[in-house]
Amino acid sequence: MVEHRPLAKLVAHLILCLGVAVVAFPVYLTFIASTHQPADIVNGTMGLLPGSMGLTHYIDALFVGTKQIKSTPVLQMMANSLVMALVIAFGKIAISIISAYAVVFFRFPLRMFFFWMIFVTLMLPVEVRIYPTYKVVADLGMLNSYAGLTIPLIASATATLLFRQFFLTIPDELVEAAKIDGAGPMKFFRDVVLPLSRTNIAALFVILFIYGWNQYLWPLLVTTDASMDTIVYGIRRMIVTSDANTDWHIVMATVMLAMLPPVLVVIAMQKLFVKGLVETEK
Amino acid sequence: MARVALKGVRKDFGQTKVIHGVDLEVADGELVVIVGPSGCGKSTLLRMVAGLETVSAGEIAIDGRVVNQLEPKDRDIAMVFQNYALYPHMSVYDNMAYGLRNRGMAKDEIDRRVREAAKILELAALLERKPRQLSGGQRQRVAMGRAIVREPKAFLFDEPLSNLDAKLRVQMRVEIKKLQRQLGVTSLYVTHDQVEAMTLADRLVVMHAGIAEQIGTPLDLYARPASTFVGGFIGSPAMNFLPGHAENGTVEIGHGVSFALPGQAARGDVTVGIRPEHMTLNHGAGMATLPLKVDLLEPLGAETLVYGKLPDGLEVTARVHGETQVAIGSTLPFSVEPRHVHLFDKASGKRLP
Ligand SMILES: Nc1ncnc2c1ncn2[C@@H]1O[C@H](COP(=O)(O)OP(=O)(O)O)[C@@H](O)[C@H]1O
Ligand SMILES: [Mg+2]
């Protein structure tokens with residue numbers, strides 16, 4: 220769209236700025252709160268400027284956690300979350316790229332049946348199958364373990380479908396050229412399919428990492444031991460009904476810390492995104 | 164380098180029969196072109212030789228060894244695809260080296276072969292580029308290079324020039340022919356373009372609906388087409404076909420025009436084939452006249468194509484020298500030397516001797 224109407228442009232920008240403000244203001248407020256004394260936060264006297272505490276609350280949060288209600292140190296919770304998010308993201312990518320490879324490039328009995336089986340699981344997210352899944356995990360003795368936190372979330376129909384769509388765009392001739400070049404299925408996967416999927420993998424990694432990081436319901440169920448708390452669920456544990464018993468300054472710092480890794484992942488991966496978009500390898 | 168032999172090769176895709184029994188012997192170092200209209204089964208035939216399709220019946224042998232059950236990589240062939248099928252994420256060098264690495268060849272031997280092929284194909288300066296940074300012609304050459312470095316028993320080409328523009332196509336056609344001569348590798352080349360086929364081929368196979376209609380040198384096929392299909396397919400503009408009736412060494416084509424064809428034993432209804440370039444305005448003794456009413460002219464400089472109708476409305480094309488003065492609407496008395504008249508059986512379309 221090539222338009223030269225300054226007024227329309229101005230209005231559009233105003234609306235966009237408003238949108239950004241709506242999203243950014245609470246984050247800003249959280250950051251401001253994390254630098255104030257706990258009393259100022261609860262009294263509502265903290266204002267909109269950074270307080271006197273600097274980053275000391277962050278140190279406290281990372282290494283101690285909340286004190287009134289004893290919580291796990293945030294560093295520990297972040298480590299738990301990191302393990303969970305990484306295992307889920309890599310696990311999902313590994314499993315779905317392999318199943319998509321099988322469905323697209325191999326002819327085996329009941330191929331379409333298995334494809335549809337995977338497809339149907341789209342209708343069964345964790346929330347729907349939560350009781351049976353919990354029962355299985357409990358019976359296998361995986362409560363309060365990383366295995367219990369991650370394995371049930373690893374299967375992914377969405378990622379499988381995405382990879383399948385991408386694989387379908389790889390021309391048959393490329394597969395045939397590789398056959399003539401003496402590349403067996405494994406070699407073809409490693410030497411051609413994986414490098415061509417690089418940008419898809421990066422995109423999925425971002426999405427899946429955030430998905431894993433933000434899990435709430437599942438950790439709530441399978442972990443009872445505080446040392447296994449993930450940060451998103453751990454924040455909930457830091458807050459109690461009475462303001463006086465909640466260390467709001469620590470909570471605010473923890474919230475800021477919880478947002479950090481997903482932001483870093485997005486920033487780090489964005490380069491690969493853009494590179495992938497510009498390069499259009501196909 | 165090797166002979167490639169096809170014996171009674173058939174291909175069915177389920178119920179659809181695509182190749183109905185092809186016999187072909189390609190001699191050592193020979194370039195055989197398979198030509199035919201789209202969908203006649205050329206690619207399928209080539210892919211069976213490559214091992215990318217199974218053979219439904221018959222036998223394919225490379226260098227005397229039956230390869231029906233062998234994987235493509237074990238057949239020692241190299242293939243060039245229409246869309247080149249280069250690995251998009253690999254450099255030109257790696258594209259050429261990949262097949263050799265998979266065979267466990269020593270690094271310096273790979274390097275020697277790739278650099279030599281790059282020199283022959285003038286790719287030496289482009290070895291580090293990715294395929295997307297190359298022009299169509301360069302990509303085509305990389306695809307050729309990938310085939311050359313393998314030093315295979317046979318090259319298989321599936322319409323390798325179809326994605327190039329007309330000028331480049333002519334240029335690459337010459338290069339491929341030179342290269343094939345120079346390397347002396349047995350080659351099967353598929354194309355739908357009869358000019359490309361004629362110019363490249365040592366021998367031609369004209370395919371029609373899954374059958375090899377005729378196999379021979381380009382000039383054989385031009386001079387003695389085995390059927391109306393081959394007659395119409397080889398040569399441009401296409402051969403004119405007129406219905407006729409043969410009797411006692413003469414062929415009558417209606418409204419009193421008849422050719423004397425001494426020694427021609429055919430009797431009954433026939434199809435008469437006359438090439439546009441054999442329509443002449445120079446009358447020899449005893450040559451019949453074809454009065455052509457001119458509808459349209461295509462002056463090409465060196466020659467002019469004359470499109471017109473015979474009195475009974477049959478459309479006929481003639482090719483005359485570029486300096487011949489022809490007016491639209493006029494009627495020209497064309498004629499044909501008897502030796503340039505082809506006779507085909509009307510029902511089967513087969514050549515009558
Ligand atoms: N995998 C396939 N399954 C079914 N029919 C096929 C298959 N491949 C080719 N065909 C059919 O075989 C015929 C010949 O195809 P092809 O060899 O590609 O023709 P050409 O290369 O001469 O244009 C076509 O009618 C095509 O539809
Ligand atoms: Mg084809």
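Residue numbers (the numbering used here), protein chains in the order written: chain L, 220 to 501; chain B, 164 to 516. Every residue, glycine too, gets a C-beta built ideally from N, C-alpha and C. Quantities reported herein were computed from a predicted structural model and do not represent experimental measurements.
Assuming residue i contacts residue j under a Cβ cut-off of 8 Å, what Cβ separation, rounded to an integer in Å, is found between them?
i, j, result
"B:Val-212", "B:Leu-319", "6 Å"
"B:Phe-244", "B:Ala-317", "B:Phe-244 to B:Ala-317, Cβ: 15 Å. No contact."
"L:Thr-291", "L:Ser-446", "6 Å"
"B:Ala-375", "B:Leu-506", "About 22 Å separates the two Cβ atoms, so there is no contact after all."
"L:Ile-251", "L:Pro-269", "6 Å"
"B:Pro-454", "B:Pro-496", "6 Å"
Any beta carbon from chain L within less than 8 Å of residue i's own beta carbon?
i, result
"B:His-252", "yes"
"B:Leu-241", "The sequence shown places Ala at residue 241 of chain B, rather than the Leu named in the question. So yes, B:Ala-241 belongs to the interface."
"B:Pro-323", "no"
"B:Lys-236", "yes"
"B:Arg-518", "What is shown of chain B runs 164 to 516, which leaves residue 518 of chain B out entirely."
"B:Asp-265", "As written in the sequence, residue 265 of chain B is Asn, which differs from the Asp given in the question. Output row for B:Asn-265: interface = yes."
"B:Tyr-385", "no"
"B:Phe-320", "no"
If you follow the beta strand (DSSP E) that residue i is in, where does it begin and where does it stop?
i, result
"B:Pro-454", "452–462"
"B:Ala-220", "220–225"
"B:Val-353", "349–354"
"B:Val-435", "431–437"
"B:Glu-466", "466–472"
"B:Phe-422", "421–423"
"B:Arg-482", "478–484"
"B:Pro-406", "403–410"
Which value, in whole angstroms, describes the spacing of the CA atoms of residue i and residue j?
i, j, result
"L:Val-230", "L:Thr-275", "42 Å"
"L:Ala-357", "L:Val-485", "34 Å"
"L:Met-471", "L:Asp-410", "47 Å"
"L:Lys-501", "L:Phe-382", "No answer about L:Lys-501 holds up, because its pLDDT of 43 lies below 50 and its placement is not dependable."
"B:Pro-381", "B:Arg-292", "39 Å"
"B:Val-435", "B:Pro-406", "6 Å"
"B:Ala-269", "L:Met-405", "22 Å"
"B:Val-277", "B:Arg-264", "11 Å"
"B:Arg-295", "B:Ile-339", "22 Å"
"L:Leu-359", "L:Tyr-350", "14 Å"
"L:Leu-235", "L:Gln-434", "30 Å"
"L:Leu-248", "L:Leu-267", "7 Å"
"B:Val-333", "B:His-441", "26 Å"
"B:Arg-514", "B:Gln-377", "11 Å"
"B:His-183", "B:Leu-351", "19 Å"
"L:Leu-491", "L:Phe-428", "16 Å"
"B:Leu-169", "B:Leu-290", "37 Å"
"L:Asp-279", "B:Tyr-256", "56 Å"
"B:Thr-443", "B:Gly-412", "22 Å"
"L:Leu-343", "L:Gly-310", "18 Å"
Please confirm if residue i has its CB atom under 8 Å from at least one CB of chain B.
i, result
"L:Pro-328", "no"
"L:Pro-438", "no"
"L:Val-485", "no"
"L:Asp-400", "yes"
"L:Pro-390", "yes"
"L:Glu-500", "Unreliable placement is indicated for L:Glu-500, whose pLDDT of 46 sits below 50; no coordinate value is reported for it."
"L:Lys-406", "yes"
"L:Leu-491", "no"
"L:Glu-346", "no"
"L:Leu-415", "yes"
"L:Leu-387", "no"
"L:Val-323", "no"
"L:Val-411", "yes"
From what residue to what residue does the alpha helix (DSSP H) around residue i run?
i, result
"B:Lys-341", "329–346"
"L:Gly-238", "225–253"
"B:Pro-323", "Looking at the DSSP string, B:Pro-323 is not in any alpha helix (DSSP H), and its letter there is neither H nor E."
"B:Met-370", "Careful: B:Met-370 lies outside any alpha helix (DSSP H), inside the beta strand (DSSP E) at 366–371."
"L:Gln-287", "It is not in any alpha helix (DSSP H) - L:Gln-287 carries neither H nor E in the DSSP assignment."
"L:Asn-419", "417–432"
"L:Ile-260", "257–262"
"B:Thr-362", "357–363"
"L:Val-412", "That residue, L:Val-412, is in no alpha helix (DSSP H); it is neither H nor E in DSSP."
Starting from the N-terminal side, write out each stretch of the beta strand (DSSP E) that is 3 residues or longer and does not extend beyond the segment 171–220 of chain B.
-> The segment 171–220 of chain B contains these whole beta strand (DSSP E) runs: 179–189, 194–198.
Length-filtered (3 minimum) beta strand (DSSP E) runs lying within the segment 262–302 of chain B = none
Which whole runs of the beta strand (DSSP E) in the segment 272–358 of chain L are 3 residues long or more, in chain order?
-> none
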